[in-house]
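Protein chains: 2
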Amino acid sequence: MSDGSDNVIQPARRRPVTLRDVAETAGVSVATASKALNDQGRMTVETRTRIRSVALQLGFRPNGLAQSLLRRRSFTVGLLTNDTYGRFSLPVMAGVSEALLDNGVSVFLCNVEDDPRLGQMHVDAMLEKRVDGIIASGKRLDRRLPVDLSNLGIPVIYAFTNPDPDTNAIAFVSDDAGGARLAVEHFVALGRRRIVHVTGPETFEVVHQRAGAYRAVLAEQGLAPPRVLMGAWSEGWGHQAVAQLFDAPGEKPDAVFCGNDQIARGVVDALRERGLRVPDDVGVVGFDNWEIVAAATRPPLTTVDMNLVSLGREAGMTLLSLVDGKPVEPGIRKLPCRLVVRQSCGRPPGG
Amino acid sequence: MSDGSDNVIQPARRRPVTLRDVAETAGVSVATASKALNDQGRMTVETRTRIRSVALQLGFRPNGLAQSLLRRRSFTVGLLTNDTYGRFSLPVMAGVSEALLDNGVSVFLCNVEDDPRLGQMHVDAMLEKRVDGIIASGKRLDRRLPVDLSNLGIPVIYAFTNPDPDTNAIAFVSDDAGGARLAVEHFVALGRRRIVHVTGPETFEVVHQRAGAYRAVLAEQGLAPPRVLMGAWSEGWGHQAVAQLFDAPGEKPDAVFCGNDQIARGVVDALRERGLRVPDDVGVVGFDNWEIVAAATRPPLTTVDMNLVSLGREAGMTLLSLVDGKPVEPGIRKLPCRLVVRQSCGRPPGG
DNA sequence: CTGAAAGCGCTTACAG
DNA sequence: CTGAAAGCGCTTACAG
Chain A
1 MSDGSDNVIQ PARRRPVTLR DVAETAGVSV ATASKALNDQ GRMTVETRTR IRSVALQLGF
61 RPNGLAQSLL RRRSFTVGLL TNDTYGRFSL PVMAGVSEAL LDNGVSVFLC NVEDDPRLGQ
121 MHVDAMLEKR VDGIIASGKR LDRRLPVDLS NLGIPVIYAF TNPDPDTNAI AFVSDDAGGA
181 RLAVEHFVAL GRRRIVHVTG PETFEVVHQR AGAYRAVLAE QGLAPPRVLM GAWSEGWGHQ
241 AVAQLFDAPG EKPDAVFCGN DQIARGVVDA LRERGLRVPD DVGVVGFDNW EIVAAATRPP
301 LTTVDMNLVS LGREAGMTLL SLVDGKPVEP GIRKLPCRLV VRQSCGRPPG G
Chain B
1 MSDGSDNVIQ PARRRPVTLR DVAETAGVSV ATASKALNDQ GRMTVETRTR IRSVALQLGF
61 RPNGLAQSLL RRRSFTVGLL TNDTYGRFSL PVMAGVSEAL LDNGVSVFLC NVEDDPRLGQ
121 MHVDAMLEKR VDGIIASGKR LDRRLPVDLS NLGIPVIYAF TNPDPDTNAI AFVSDDAGGA
181 RLAVEHFVAL GRRRIVHVTG PETFEVVHQR AGAYRAVLAE QGLAPPRVLM GAWSEGWGHQ
241 AVAQLFDAPG EKPDAVFCGN DQIARGVVDA LRERGLRVPD DVGVVGFDNW EIVAAATRPP
301 LTTVDMNLVS LGREAGMTLL SLVDGKPVEP GIRKLPCRLV VRQSCGRPPG G
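Quick note, the sequences are listed as chains A and B, same order.
Residues in the first sequence are numbered from 1 upward in steps of one, following full-length UniProt numbering.
Residues in the second sequence are numbered from 1 upward in steps of one, following full-length UniProt numbering.
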């Protein structure tokens, strides 16, 4: 206790200065002080500036809890996710934050893993803290969080995760089919003709969306019959797939579209080990634009970026609209991906 | 507006039920209702249970903002970091959260990048929201956040980042020298004798701490003169280092201790490309235990884990003590690392 | 032009 | 055993 500002053991813990303090030292009522600081009401310029400078001198900082109680708005939101180490959640979080910070709203990050009990605890905590809204995110589009967000009484936005089917929810997800199309059409534009697709497990919804787009582009272009190999989301699977594709007799692919960057990394390494040159002999495209693997691959990976930061930003802005009471059309919005061209496909024609 | 519960455009936004509501429907005063729910005061068991069941039925949830105002405690803390994509911050965050959730405290995640303006905005936001304390984290031990946390009037804990030197701050950091010692001694125990160290840029403090420990162990064991190669924190540098070490004439190392897992990955790959077998010909140890690279390396990497989750948990628990007014000795506490043994070193003797 | 009063949703002495 | 009152730190009609 004491004022403690020189106390090494007990960090400074002074009583924050209140509006009452500034009012008293400025010789006005708290009402007037409040109005002066909020640019409300009418008073002489002198009183207003006097009050302001007093507030500044005292280091007055309005108590947000008191303000929130009155305004019925806490200027906080919760971000729920089950993506523990945040490969996908963190870019979403960055976008959300970006959209909200300027509006003075802060975000509670809540990792619920896949544990309903944890999920409930976090939701309860948010609700008691009167968050203005919740953003539900995740590591996988087709897996719901282990919590029911359907009747909380506050706005909810889903970002990079599907909402419960029956709710009139608002969701932002990446356009995986569009992203796959970008990749395959890039190959086509570069003159590749024998394009295969090596991707993740068939239990993932995105696997089917991307494979569907891949098949569609091949059909549109009248190219060789599609060939889709499903496996794990790992480098190891990339190696195995290359063995299947290139160690067998017959015509070899000249392009491999991979379901994620780790598979692509495995494919590129396996190709190199076989003396096949990337991109000269075989072009490779990844998915996710996970910098650390895409950039470290030799050659660096051309890959599809899901624009997760923008997705988060959209989600944040939309949540703000909802909080402000503006109407928002429910539904699932697919946001476009973009192709990040590095060196694993060769230059574009004429490039 | 309206109750909106069936309105598709405007999500449900009902007025939350207050203590007053439950008091009225239970036919008691708010004071009594409050006491009933908080297990305070004395009253007949009947009233208490009646009030409780009413609260339950109405779905009453106390308004945390009001409670916080009274208790002078918001049950929130801020986690400041500049580690945008969270390789280090997220495990720390997970630990912090783990320590705090059971105590009902939620955490604001604030990414300040390296921008003082952003940092100030976040700090201001936290302070207005009356966070009970702040945890400062980062992506690098020897870089301070672009904000001054020294005189905020609330407890601050540094986690995985150094505090300002002159403050009587409390910090938790990893014991990098100890971690390095673990790695090098592991090699020694396995009978390796020509151990080199390939690490990051000399501008990093940890590079010197780890190199120092490496040299110390070699000296203690009377082993070959130390050899430290500093470069980038990248796979590419791992490749180059192997070229320097193994393409020159003379005796070759039988063990490489790497400054991070990416370098180790590069080293392992480069070794394989030269026909050298890991671990049979050369043992390799990494640093960070970054699952995704450690596990994907062939063979999987033995590596030093900085125990960042525990570090975060410690930081969280200590912050709680401080918030509760308990005294805590200031200073920098180094927390032990652990060696995660996979397959890049061969088995331990007799293993 | 300025202030007294009521109130946001709670909790906690203090009476009765 | 229960309730009226004061108060946390603010804001906002409403008087004067």
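Beta carbons: idealized from backbone N, C-alpha and C, even for Gly.
Every value quoted in this text rests on a predicted model; they were computed, and no experiment measured them.
First and last residue of the alpha helix (DSSP H) that includes residue i?
i      : result
B/N38  : 30 to 38
A/T318 : 308 to 323
A/V293 : 291 to 294
A/S97  : 89 to 101
A/D305 : Segment 302 to 305 is the beta strand (DSSP E) holding A/D305; no alpha helix (DSSP H) there.
B/I51  : 45 to 58
A/E128 : 116 to 128
B/R274 : That residue, B/R274, is in no alpha helix (DSSP H); it is neither H nor E in DSSP.
A/S68  : 64 to 71
A/V22  : 19 to 26
Hey, how far is the Cα of residue i from the Cα of residue j?
i      : j      : result
B/H197 : B/A180 : 10 Å
A/L320 : A/L70  : 19 Å
B/D305 : A/A255 : 38 Å
B/D280 : B/E235 : 21 Å
A/L182 : B/R144 : 41 Å
A/V8   : B/A169 : Unreliable placement is indicated for A/V8, whose pLDDT of 37 sits below 50; no coordinate value is reported for it.
A/M126 : B/C110 : 17 Å
A/A213 : A/L339 : 15 Å
A/Q57  : B/Q120 : 18 Å
B/G178 : B/Q244 : 27 Å
B/R210 : A/G238 : 35 Å
A/M43  : A/A26  : 14 Å
A/E273 : B/R277 : 15 Å
B/R192 : B/G346 : 11 Å
A/N260 : A/V267 : 11 Å
B/V131 : B/S29  : 32 Å
A/L308 : A/N103 : 21 Å
B/D6   : A/V173 : Model confidence at B/D6 stands at a pLDDT of 39, short of 50, so the residue's coordinates are unreliable; what they give is reported in the following sentence. If I take the Cα positions, the gap works out to 25 Å.
A/Q10  : B/L79  : With a pLDDT of 45 at A/Q10, under the threshold of 50, the modelled position of that residue is not reliable, and the figure given next carries that caveat. If you take the alpha carbons of A/Q10 and B/L79, they lie about 21 Å apart.
A/L190 : B/V284 : 41 Å
A/L229 : A/T199 : 6 Å
A/K334 : A/G316 : 15 Å
B/D115 : A/D288 : 27 Å
A/G153 : B/P16  : 8 Å
B/R50  : B/T32  : 12 Å
A/I332 : A/V156 : 13 Å
B/G133 : A/F160 : 31 Å
A/T47  : A/S53  : 10 Å
A/S106 : A/E24  : 31 Å
B/L101 : B/W290 : 26 Å
A/P226 : A/A216 : 9 Å
Per DSSP, residue i is paired with what?
i      : result
A/C110 : A/L80
B/S174 : B/L335
B/A264 : DSSP output for B/A264 lists no bridge partner at all.
A/I157 : A/I135, A/I170
A/H197 : A/V228, A/F257
A/V340 : A/T303
Grab the span of the beta strand (DSSP E) containing residue i for me, first residue to last.
i      : result
A/M257 : Checking the displayed sequence, the identity of residue 257 of chain A turns out to be Phe instead of Met. From DSSP, the beta strand (DSSP E) with A/F257 extends over 255 to 258.
A/Y214 : It is not in any beta strand (DSSP E) - A/Y214 instead sits in the alpha helix (DSSP H) that spans 205 to 220.
A/F246 : Where A/F246 is concerned, there is no enclosing beta strand (DSSP E), although the alpha helix (DSSP H) it sits in stretches over 235 to 246.
B/V284 : 283 to 287
>> Is it the case that the segment 200 to 212 of chain A contacts the segment 288 to 299 of chain A, given that we only count it when at least three CB pairs across the two stretches are under 8 Å?
In response: no
> Would you call the segment 138 to 151 of chain B and the segment 83 to 93 of chain B touching, i.e. three or more CB-CB distances under 8 Å?
Replying inline: yes
>> Any C-beta of chain A within less than 7 Å: which residues of the UniProt domain "HTH lacI-type" (17 to 71) of chain B qualify?
In response: R61, P62, N63, G64, L65, A66, S68, L69
> Of all the residues that make up the segment 274 to 302 of chain A, which are near chain B by a beta-carbon distance shorter than 7 Å?
Replying inline: A296
> Can you list, in chain order, the residues of the segment 331 to 345 of chain A whose Cβ is nearer than 9 Å to any Cβ on chain B?
Replying inline: Legend: CB atoms of the segment 331 to 345 of chain A lying less than 9 Å from CB atoms of chain B are not found in any residue.
>> I want to know whether the segment 312 to 331 of chain A touches the segment 88 to 97 of chain A - three or more CB-CB distances under 8 Å.
In response: yes
> Using a beta-carbon distance cut-off of less than 9 Å, what residues from the segment 251 to 268 of chain A approach chain B?
Replying inline: Q262, R265, G266
> Taking Cβ-Cβ distances below 9 Å as the criterion, which residues of the segment 223 to 249 of chain B are in contact with chain A?
Replying inline: S234, E235, G236, H239
> If you measure beta-carbon to beta-carbon, which residues of the segment 74 to 85 of chain B are closer than 9 Å to chain A?
Replying inline: S74, F75, T76, G78, L79, T84, Y85
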